[in-house]
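So the structure is just underneath, and the comments pick up after that.
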Amino acid sequence: MKKVLKITLIVLAVLVGLVLLAYGAMFLKLKHETSGFAPIETGRVMDNIYVVKDDFSNVYILRDSLAGYVVIDAGNSPRVVAEQMNTLGIDPQEVTTVLLTHSDSDHIGALGLFDHAELYMAREEEQMINGTTAKFLWFGNMLPRTDYILLDDRQIVHIGGLKVEGILAPGHTAGMMAFLVNDRYLFSGDIASLKDGKIAPIPAFFDMDNAQALRSIDIIRNLPGVEYIFTGHWGWAEYKTTTK
Ligand SMILES: [Zn+2]
Numbered sequence: 063m064k065k066v067l068k069i070t071l072i073v074l075a076v077l078v079g080l081v082l083l084a085y086g087a088m089f090l091k092l093k094h095e096t097s098g099f100a101p102i103e104t105g106r107v108m109d110n111i112y113v114v115k116d117d118f119s120n121v122y123i124l125r126d127s128l129a130g131y132v133v134i135d136a137g138n139s140p141r142v143v144a145e146q147m148n149t150l151g152i153d154p155q156e157v158t159t160v161l162l163t164h165s166d167s168d169h170i171g172a173l174g175l176f177d178h179a180e181l182y183m184a185r186e187e188e189q190m191i192n193g194t195t196a197k198f199l200w201f202g203n204m205l206p207r208t209d210y211i212l213l214d215d216r217q218i219v220h221i222g223g224l225k226v227e228g229i230l231a232p233g234h235t236a237g238m239m240a241f242l243v244n245d246r247y248l249f250s251g252d253i254a255s256l257k258d259g260k261i262a263p264i265p266a267f268f269d270m271d272n273a274q275a276l277r278s279i280d281i282i283r284n285l286p287g288v289e290y291i292f293t294g295h296w297g298w299a300e301y302k303t304t305t306k
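Residue numbers (the working numbering): 63 to 306.
Laid out in structure tokens, this is it:
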């Protein structure tokens, strides 16, 4: 009996060791890949577009005379986002609308700062937060709110004086959606990075379906009339130079 117990304990110890090793390797890989992110510093970007630099991502803020402040992606750390918004003189409580490109934690972490805001995301993304589709293994995404408004591909909503068109671009998550604002400004979330001023894939490690993500990048590359692209982790660029 003692022998059986001993073998069981050894097997358990080996299993626990393997799991810890896998987590450790995953952590190192994650650290390595996120070190390639290049978010831009907090400030005014152009026109009525502002940016906040979170730990390793960018939160974009649009100011509209009718809608007030509209936030695109809510960042990772509530403390950092609040501090950085403070340097811009923007009170998170004045944010009336939040558009989520997707539901990963680094894009929804500071959502609690904007609890007065209306919340939009893609209908296809709901599967990521309701237990239907897991982001990684059996781990699903979580959203602290259920009062969101769901958008279909190419659906247009008017928020104050802003025209917002949702462009479904799955691959990174099942329902990633880019937002085209006033036909000129494209907020691409995590479907694309910028490399040497050009649209490029994000590291495949972060995608749920890399082949689908590459097809979505083609959609993002071929939108007519776009002038600027704003990414989740690599800042912004003029669209025409990125797509040459
Ligand atoms: Zn991200």
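For glycine and all other residues, C-beta sits at the position ideal for the given N, C-alpha and C.
Quiz prompt | Straight-line gap, Ala-84 to Leu-77 (C-alpha atoms, nearest Å) | solution = 11 Å
Self-check item: For Lys-93, the nearest candidate out of Phe-118, Leu-82, Ile-102 and Thr-104 (CA to CA)
Solution: Phe-118
Exercise. Assign Thr-159 to one of two classes, buried (16 or more other C-beta atoms within 10 Å of its C-beta) or exposed (fewer than that).
Key: buried
Practice problem: Express the C-alpha separation of Leu-205 and Ile-211 in angstroms, rounding to a whole number. | Solution: 13 Å
Quiz item: Taking the beta strand (DSSP E) that His-220 falls in, what are its first and last residues?
Solution: 218 to 221
Quiz prompt | Contact the region 270 to 289 vs the region 162 to 177: 3+ CB pairs below 8 Å | solution = no
Quiz item: Do you know whose CA, among Arg-141, Gly-259 and Pro-140, lies nearest Tyr-290's CA?
Solution: Gly-259
Self-check item: Residue nearest to Asp-109 in terms of C-alpha spacing, selected from Asp-215, Asp-116 and Leu-124
Solution: Leu-124
Quiz prompt | Burial state of Asp-269, where buried means 16 or more other Cβ atoms lie within 10 Å | solution = buried
Quiz prompt | Residues bridged to Val-288 [DSSP beta-bridge criterion] | solution = BP columns for Val-288 are empty, so no partner.
Practice problem: Express the C-alpha separation of Leu-71 and Arg-207 in angstroms, rounding to a whole number. | Solution: 43 Å
Quiz item: With respect to 6 Å, is the separation between the Cβ of Asp-252 and the closest non-hydrogen atom of ligand 1 below this value?
Solution: yes
Quiz item: Is Arg-207 helix, strand or coil when you go by DSSP?
Solution: coil
Quiz item: With Trp-298 and Val-73 assumed to form a contact (beta carbons below 8 Å), what rounded beta-carbon distance in angstroms separates them?
Solution: Their Cβ separation, rounded to whole angstroms, is 53 Å, which puts Trp-298 and Val-73 out of contact at 8 Å.
Quiz item: If we count the other Cβ atoms within 10 Å of its Cβ and call it buried at 16 or more, is Phe-267 buried or exposed?
Solution: exposed
Quiz item: Since Asn-203 contacts Ser-165 with CB under 8 Å, what's their CB separation in whole angstroms?
Solution: 4 Å
Quiz item: Taking the beta strand (DSSP E) that Asn-120 falls in, what are its first and last residues?
Solution: 120 to 126
Quiz item: Measuring from the CB of Gly-294, is there a heavy atom of ligand 1 at a distance below 6 Å?
Solution: yes
Quiz item: Is Phe-198 helix, strand or coil when you go by DSSP?
Solution: strand
Exercise. Quick one: grab the DSSP three-state call for Phe-317.
Key: Residue 317 lies beyond the range of the chain shown here (63 to 306); nothing can be said about it.
Quiz item: In three-state DSSP terms, what is Thr-104?
Solution: coil
Exercise. Taking Met-329 as part of the beta strand (DSSP E), name the residues at either end of that continuous run.
Key: The shown model of the chain, from 63 to 306, leaves out residue 329, and the question about it has no answer.
Exercise. With a 10 Å radius around its C-beta and 16 neighbouring C-beta atoms as the bar for buried, classify Gln-146 as buried or exposed.
Key: buried
Quiz item: Going by alpha carbons, who is nearest to Ser-278 out of Val-66, Ala-129 and Pro-232?
Solution: Pro-232
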